[in-house]
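Read the structure below first, then the notes.
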Amino acid sequence: MNDESAFAGSEGAESRPAEFTLELPSDLRMIEAAVGYLVSRCRAFAFEGPRLDLNFRVGVTEAIANAVLYGNSSDPDKTVRVDVSLDDQRVVICVADEGEGFDPAGVPDPTAPGNLDSPGGRGLFLIRKLMDEIEYNDRGNAVRMVLVRTVPARRSGKGKR
Amino acid sequence: MNDESAFAGSEGAESRPAEFTLELPSDLRMIEAAVGYLVSRCRAFAFEGPRLDLNFRVGVTEAIANAVLYGNSSDPDKTVRVDVSLDDQRVVICVADEGEGFDPAGVPDPTAPGNLDSPGGRGLFLIRKLMDEIEYNDRGNAVRMVLVRTVPARRSGKGKR
Amino acid sequence: MSFHTSQENGVVVVDVDGQLIVGNRQELKQKVLDELEGGERKFLIDFANTGYIDSSGLGVLVSLSKKIREQGGELRLSNLNEDLRTLFELTKLDTLFSIADSREEALSSF
Amino acid sequence: MSFHTSQENGVVVVDVDGQLIVGNRQELKQKVLDELEGGERKFLIDFANTGYIDSSGLGVLVSLSKKIREQGGELRLSNLNEDLRTLFELTKLDTLFSIADSREEALSSF
Ligand SMILES: Nc1ncnc2c1ncn2[C@@H]1O[C@H](COP(=O)(O)OP(=O)(O)O)[C@@H](O)[C@H]1O
Ligand SMILES: Nc1ncnc2c1ncn2[C@@H]1O[C@H](COP(=O)(O)OP(=O)(O)O)[C@@H](O)[C@H]1O
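These protein sequence lines map, in sequence, to chains L, A, R and X. Each step along the first sequence adds one to the number in my numbering, with nothing skipped, and position 30 is 30. Just add 161 to wherever you are in the second sequence, counting from 1, and you've got my numbering. Just add 322 to wherever you are in the third sequence, counting from 1, and you've got my numbering. Just add 432 to wherever you are in the fourth sequence, counting from 1, and you've got my numbering.
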């Protein structure tokens with residue numbers, strides 16, 4: 001259903017961005033298939049390696065899971081919208097839910113000594129570590145993440161900091 | 162992510178149509194959640210009973226399953242788009258895949274004597290029986306189904322024929 | 323969907339909880355075929371707790387019924403609610419299956 | 433995801449096939465807790481066939497480790513590929529778990 005079929009193959013990806021969208025029910029069971037679709041589309045544009053398999057995959061999984069669980073509170077009447085735009089330099093992923101939003105600055109650091117053995121609280125932290133840019137809208141119900149496709153550093157998984 | 166929040170509750174549904182959309186990865190495992198979302202949205206607009214739980218649910222499940230299996234051949238690079246429009250009289254559901262299409266007139270009748278014990282071939286037949294109108298585009302990769310919300314006949318499950 | 327099987331008077335009874343649809347029908351099929359392989363011949367699938375069935379679910383029932391008959395066994399169905407019964411009538415599968423109103427009725431008629 | 437458990441020299445070994453993520457972590461948790469309930473105390477989770485883990489998957493490992501320690505038992509991990517290792521390092525969970533390169537190494541050190 002996407003319009004960028006003109007880009008099929010990696011050549012087109014050099015010139016203008018490929019775009020793809022999902023609009024998903026608020027159900028955790030669909031996350032694997034949704035992320036699988038996005039990864040596969042990215043791969044078709046010659047994006048690959050740990051930046052795709054680790055950074056993109058985990059970052060997007062976390063953002064969608066939070067949108068389903070906290071944003072939409074698994075409300076069967078709400079959807080999560082994912083918009084991805086990919087050019088030869090970077091991929092931009094927006095994940096939006098229909099929730100009230102939250103204050104991302106208020107989320108504690110899970111690597112602080114007292115938090116290390118907490119069962120939760122690592123999702124947003126991983127997004128911040130794995131993505132090159134992350135920004136919430138004012139309300140806090142939509143996140144925009146940017147991931148550079150290749151980094152000079154050798155260990156792509158830890159490409160920043 | 163849908164814009165018709167103005168309709169929340171059943172009152173608004175009387176005046177102009179509610180619209181909702183899903184864009185889904187080609188994965189059979191998400192069908193239950195997708196149909197659950199659509200049914201739940203319909204219910205919020207006071208559509209209920211066997212026409213929702215049987216006709217809508219089964220018809221939409223069949224159309225999405227065919228889009229995933231035959232239209233997109235479960236290709237992880239392809240999506241299925243579902244657009245639903247609901248007013249106080251009827252619901253219109255469009256299911257589109259990214260496949261080559263097919264000729265629906267060529268599908269045999271599964272209730273013909275020789276076909277009765279075939280394991281497959283009942284999906285399109287059920288859509289035709291359960292929906293009030295069904296129409297494919299010329300290519301055959303998008304189906305538009307119309308279901309009237311209430312029918313005069315008492316057995317809603319078999320509201321036509 | 324989840325389902326569980328039990329033995330009642332030499333009949334393998336399978337309860338289907340939730341939807342029996344294209345995404346999960348394989349599980350039911352495998353389970354019943356395993357029992358058939360293990361020597362069981364009498365089967366009852368009970369739909370008292372079933373939400374809905376799609377054409378793939380119907381297809382699995384048809385192919386199980388065939389396989390069981392080929393081994394000299396029998397498959398019966400029970401507790402179809404009105405919506406499920408409508409599906410069987412529309413597809414004329416009500417003529418292919420032996421459908422009982424209640425579990426007891428199905429069990430006593432084997 | 434699917435996983436299977438086996439016994440090797442008194443250690444319950446769990447192989448995780450596929451993703452360990454928010455949609456399926458409950459299964460792994462329940463399985464290990466059942467074994468713990470049943471009296472087992474030594475656990476090894478092997479990630480040789482694991483695709484990726486998300487924060488919920490990491491969280492399940494943390495809470496299992498805690499519960500096992502509370503019962504005087506021990507949980508070890510083995511065969512993390514480079515990507516998985518990166519996740520443990522980023523979250524500093526590599527300091528919380530005993531992580532072995534290979535299954536044999538993990539088993540021999542219990
Ligand atoms: N989309 C969202 N809408 C509302 N709240 C959110 C959203 N995303 C995250 N949060 C809040 O931030 C907290 C931290 O999230 P995260 O770091 O992913 O850890 P965890 O999911 O384990 O709680 C969540 O518990 C939740 O309160
Ligand atoms: N969206 C579609 N794209 C291409 N072919 C389709 C599509 N939907 C249905 N078909 C074709 O129509 C046939 C009949 O479909 P159906 O009646 O649902 O039965 P079944 O799914 O059991 O084959 C399918 O086998 C397939 O060849």
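Ideal placement from N, C-alpha and C gives every residue a C-beta, glycine not left out.
Item	Value
Beta carbon proximity, residue 76 of chain L to chain X, threshold 7 Å	no
Any 3 or more C-beta pairs closer than 8 Å across the segment 363-383 of chain R and the segment 211-227 of chain A	yes
Contact test: residue 297 of chain A Cβ vs ligand 2 heavy atom, cutoff 6 Å	no
Residue 317 of chain A classed as buried or exposed, judged by whether at least 16 other C-beta atoms fall within 10 angstroms	Note that residue 317 of chain A scores a pLDDT of 47, beneath 50, so its modelled location is shaky; the value from the coordinates is reported in the next line. With 16 or more Cβ atoms within 10 Å of its Cβ, residue 317 of chain A is classed as buried.
Of the listed residues R/407, R/363 and R/409, nearest to residue 332 of chain R (C-alpha basis)	R/363
Minimum Cβ-Cβ distance from residue 379 of chain R to chain A less than 7 Å	no
Inter-residue Cα distance where the pair is residue 467 of chain X and residue 83 of chain L	42 Å
Boundaries of the beta strand (DSSP E) in which residue 90 of chain L is found, first to last residue	90-96
Beta strand (DSSP E) segment containing residue 157 of chain A, residue limits	A query on residue 157 of chain A cannot be resolved here, the shown segment of chain A reaching from 162 to 322 and no further.
CB contact below 7 Å: residue 61 of chain L versus chain X	yes
DSSP-derived helix/strand/coil call for residue 447 of chain X	strand
Sub-7 Å separation of residue 251 of chain A and residue 312 of chain A beta-carbons	no
Residue 240 of chain A, DSSP secondary structure in three states	strand
Near-chain A residues of the segment 386-400 of chain R - C-beta to any C-beta below 7 Å	388
Local conformation of residue 433 of chain R per DSSP, three classes	With chain R covering 323 to 432 only, the question about residue 433 of chain R has no answer from this structure.
Proximity test, residue 228 of chain A beta-carbon vs ligand 2 heavy atom, cut-off 6 Å	yes
Proximal chain L residues relative to residue 523 of chain X, where beta-carbon distance stays under 9 Å	110, 111, 116, 122, 125, 126 and 129
Residue-chain proximity (residue 180 of chain A, chain L), Cβ-Cβ < 7 Å	no
Close-in-space but distant-in-sequence residues of the same chain around residue 379 of chain R (CB under 7 Å, 5 per side omitted)	342, 343 and 347
Residue 33 of chain L and residue 188 of chain A closer than 7 Å at C-beta	yes
Collapsed DSSP secondary structure at residue 283 of chain A in the structure displayed	coil
Delimiting residues of the alpha helix (DSSP H) encompassing residue 370 of chain R	Run containing residue 370 of chain R: none; DSSP gives neither H nor E here.
Buried versus exposed, by CB contacts within 10 Å (16 or more), residue 137 of chain L	exposed
Environment of residue 345 of chain R [buried if 16+ CB atoms lie within 10 Å]	buried
Near-chain R residues of the segment 198-224 of chain A (beta-carbon distance less than 7 Å), N- to C-terminal order	211, 214, 215, 218, 219, 222 and 223
Residue 438 of chain X burial status per 10 Å Cβ neighbour count (16 or more: buried)	exposed
Per DSSP, cross-strand counterpart(s) of residue 297 of chain A	A/304
Boundaries of the beta strand (DSSP E) in which residue 507 of chain X is found, first to last residue	506-510
Residue 323 of chain A versus residue 477 of chain X - alpha carbon distance	This structure cannot settle anything about residue 323 of chain A, because the visible part of chain A is limited to 162 through 322.
Residue 52 of chain L versus residue 449 of chain X: straight-line alpha-carbon distance, rounded	20 Å
Residue from A/179, A/183, A/263 and A/210 with nearest C-alpha to residue 285 of chain A	A/263
Near-chain A residues of the segment 328-345 of chain R (beta-carbon distance less than 8 Å), N- to C-terminal order	341, 343, 344 and 345
Reference residue 539 of chain X, options X/503, X/465, X/446 and X/434, closest by Cα	X/446
The segment 107-121 of chain L in contact with the segment 490-501 of chain X per 3-pair CB rule at 8 Å	yes
Burial state of residue 16 of chain L (16 or more Cβ within 10 Å)	exposed
Residue 64 of chain L and residue 80 of chain L closer than 7 Å at C-beta	yes
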